[in-house]
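Participant: In my numbering, the protein residues as written are 566 to 701.
Quick reminder that beta carbons are idealized off the backbone N, C-alpha and C, glycines included.
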């Protein structure tokens with residue numbers, strides 16, 4: 566797979582901009598997201614979209630595939646594109662890179678969006694749900 570990705574990058578003339586890192590620690594992953602201009606996530610099927618939530622949590626703008634599952638995690642804190650339209654993905658990344666106001670809005674929405682996934686928030690939700698069940 567690595568060789569195939571390198572070949573595609575070389576053919577596209579972007580080989581020097583592509584780094585295949587392999588395994589990265591959680592700490593290093595968050596550092597990379599903080600330094601990134603955008604997180605492009607084009608998975609067709611994702612149970613939760615953990616990397617999307619991680620990127621949003623540290624203020625990295627996200628471009629992802631619509632109807633992939635991860636778009637439910639990001640909500641309005643991302644740019645969602647048709648997975649069958651590579652041009653739309655490229656255009657969305659260009660928008661994020663070129664529009665500082667959009668980047669800032671996505672960062673703010675991202676922080677707000679992932680606040681609902683914090684353990685304390687989720688625990689409160691479970692407690693409330695159980696209180697309702699027990700109350701009858």
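1. Here's the rule I'm using: 16 or more other beta-carbon atoms within 10 Å means buried, otherwise exposed. How should residue 604 be labelled?
2. Which residues bound the beta strand (DSSP E) around residue 675?
3. Can you look up residue 653 in the DSSP assignment and give me helix, strand or coil?
4. Report the residue ranges of all alpha helix (DSSP H) runs contained in full by the stretch 567 to 598; include only those spanning at least 4 residues, in chain order.
5. Could you spell out the range, first to last residue, of the alpha helix (DSSP H) harbouring residue 648?
6. Using only CA atoms, which one of 681, 689 and 646 lies nearest to residue 609?
7. Would you mind sorting residue 636 into buried or exposed? The rule is 16 or more other CB atoms within 10 Å of its CB.
8. Could you please give the first and the last residue of the uninterrupted beta strand (DSSP E) stretch that includes residue 630?
9. Under 8 Å, with one C-beta from each stretch per pair, do the stretch 669 to 688 and the stretch 653 to 660 reach the 3-pair mark?
10. Could you check the C-alpha separation between residue 593 and residue 586 for me, to the nearest Å?
11. Which class does residue 662 belong to by DSSP, given the choice of helix, strand or coil?
12. Going by alpha carbons, who is nearest to residue 665 out of 626, 584, 621 and 579?
Facilitator: Walking through what the data contain:
1. buried
2. No beta strand (DSSP E) contains residue 675, which is instead part of the alpha helix (DSSP H) from 665 to 680.
3. helix
4. 567 to 577
5. Here residue 648 belongs to no alpha helix (DSSP H), and DSSP marks it neither H nor E.
6. 646
7. The residue in question, residue 636, is buried, as its Cβ has 16 or more Cβ neighbours within 10 Å.
8. Element bounds for residue 630: 627 to 630.
9. Judged by Cβ distances under 8 Å, the stretch 669 to 688 makes no contact with the stretch 653 to 660, as fewer than three pairs qualify.
10. 11 Å
11. helix
12. The closest CA to that of residue 665, considering only 626, 584, 621 and 579, is found on 626.
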